[in-house]
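In the working numbering, the protein residues as written are 1 to 159. Every residue gets a Cβ at the ideal spot worked out from N, C-alpha and C, and that includes glycine. Note that this is a predicted model, so its numbers are computed, not measured.
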């Protein structure tokens with residue numbers, strides 16, 4: 001069985017949204033997915049898009065995806081690669097696709113002189129945490145992630 005990683009294209013937008021929905025189901029947060037195919041097309045492939053997508057295929061069929069973007073570290077004085085989402089369909093897990101996709105992303109990070117490759121994982125997702133640790137990734141437990149969105153973000157922006 002051959003695993004292939006390729007850049008996502010606009011025609012992949014429906015499949016990416018399907019994977020996003022499957023991931024949200026797994027994370028018990030499907031109700032939070034409001035993205036549409038048009039949103040995916042605009043945000044990943046439109047003019048000025050800053051996020052990038054990858055499609056993971058096994059024997060030519062899509063089995064997963066990743067979405068990433070470049071961030072910046074003032075302490076390192078370099079770009080970093082931030083992995084927003086990585087998803088492999090449940091029936092395809094354990095066959096090397098996730099590791100292949102992460103290695104592909106690490107190569108992108110190195111090719112772009114990124115000082116870091118970072119992502120977040122839900123604290124209850126023990127299989128993912130153990131998988132990431134097995135690759136040498138380390139949790140950054142001293143950092144707490146914060147977020148503003150929706151009404152709170154708009155109200156804060158308006159002052």
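Local conformation of residue i per DSSP, three classes
i	result
residue 20	helix
residue 51	strand
residue 66	strand
residue 44	helix
residue 56	strand
residue 76	coil
residue 146	coil
residue 155	helix
residue 139	coil
residue 85	strand
CB contact flag (residue i, residue j, <7 Å)
i	j	result
residue 50	residue 69	yes
residue 63	residue 88	yes
residue 66	residue 101	yes
residue 81	residue 26	no
residue 93	residue 3	no
residue 115	residue 76	yes
residue 83	residue 119	yes
residue 129	residue 121	yes
Classification of residue i by the beta-carbon crowding that lies within 10 angstroms, buried from 16 upward
i	result
residue 127	exposed
residue 135	exposed
residue 153	exposed
residue 86	buried
residue 97	buried
Span separating the alpha-carbon of residue i from that of residue j
i	j	result
residue 79	residue 110	10 Å
residue 132	residue 149	28 Å
residue 21	residue 113	32 Å
residue 35	residue 24	12 Å
residue 32	residue 53	20 Å
residue 146	residue 105	25 Å
residue 137	residue 28	25 Å
Do the segment 1 to 10 and the segment 30 to 46 touch if we need at least three Cβ pairs shorter than 8 Å? yes
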